[in-house]
Amino acid sequence: MYPHHPHVFLHRPASRIFWFLIGAGVATWWHHSRVMRDHHSQYWPCVVQQQRRGALQDQPSGGSEPPIAYQERDARWGWRHNPSSSGATVGWNQQEWEENKERLRNIQKRVSEAMVDMSESTLESIVSTAEALKARLAENRARREGAFPPETTEQKKDPSPYV
Numbered sequence: 087m088y089p090h091h092p093h094v095f096l097h098r099p100a101s102r103i104f105w106f107l108i109g110a111g112v113a114t115w116w117h118h119s120r121v122m123r124d125h126h127s128q129y130w131p132c133v134v135q136q137q138r139r140g141a142l143q144d145q146p147s148g149g150s151e152p153p154i155a156y157q158e159r160d161a162r163w164g165w166r167h168n169p170s171s172s173g174a175t176v177g178w179n180q181q182e183w184e185e186n187k188e189r190l191r192n193i194q195k196r197v198s199e200a201m202v203d204m205s206e207s208t209l210e211s212i213v214s215t216a217e218a219l220k221a222r223l224a225e226n227r228a229r230r231e232g233a234f235p236p237e238t239t240e241q242k243k244d245p246s247p248y249v
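For the sequence shown, our numbering gives the first residue as 87, with consecutive numbering after it.
Structural data, given as structure tokens:
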């Protein structure tokens, strides 16, 4: 008897499908948990940030500079804001922002012009194709009407008695 007959596997439960679904579920859970762990590590304090906070508090003050007060709310996000005395960087960032906005406007304008050109050319090709098909149909109709001799029209008027 052939060992791979379909009736041989009828007495087994659907264990392959069951274990496949279990494996797929575990793999999906593992992938999503890793992604969520990476996502949450950006927003919640971790061991590295706690060590950084301890190092900043333990630094000896060098000379006449007073120690910078470390704020808990800054540690929570993993960054500190150091206000600069000059507003040059703010103006430069604003200038860069305006340049980027202008560049984006130019790109959007070029893209919209390209889309208009492409749609116009598409419509022109559709219209020319429709006109070519219309001319071809008219030509075929004229050929068909010219192929029938005039006697057939007389036969239509005067049917033969053999029908």
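Backbone N, C-alpha and C fix where the C-beta goes; we use that ideal spot for every residue, glycine too.
Shown here, residue 124 sits in a helix according to DSSP, grouped into three states. Taking the CA atoms as reference points, residue 212 sits about 21 Å from residue 226. Inter-residue distance for residue 194 and residue 204 is about 15 Å (C-alpha atoms, whole angstroms). Across the structure, residue 118 and residue 103 are spaced so that their CA atoms are roughly 22 Å apart. For residue 206, there are no CB contacts under 8 Å within the same chain when 5 residues up- and downstream are skipped. The alpha-carbon of residue 192 is positioned some 14 Å away from that of residue 201.
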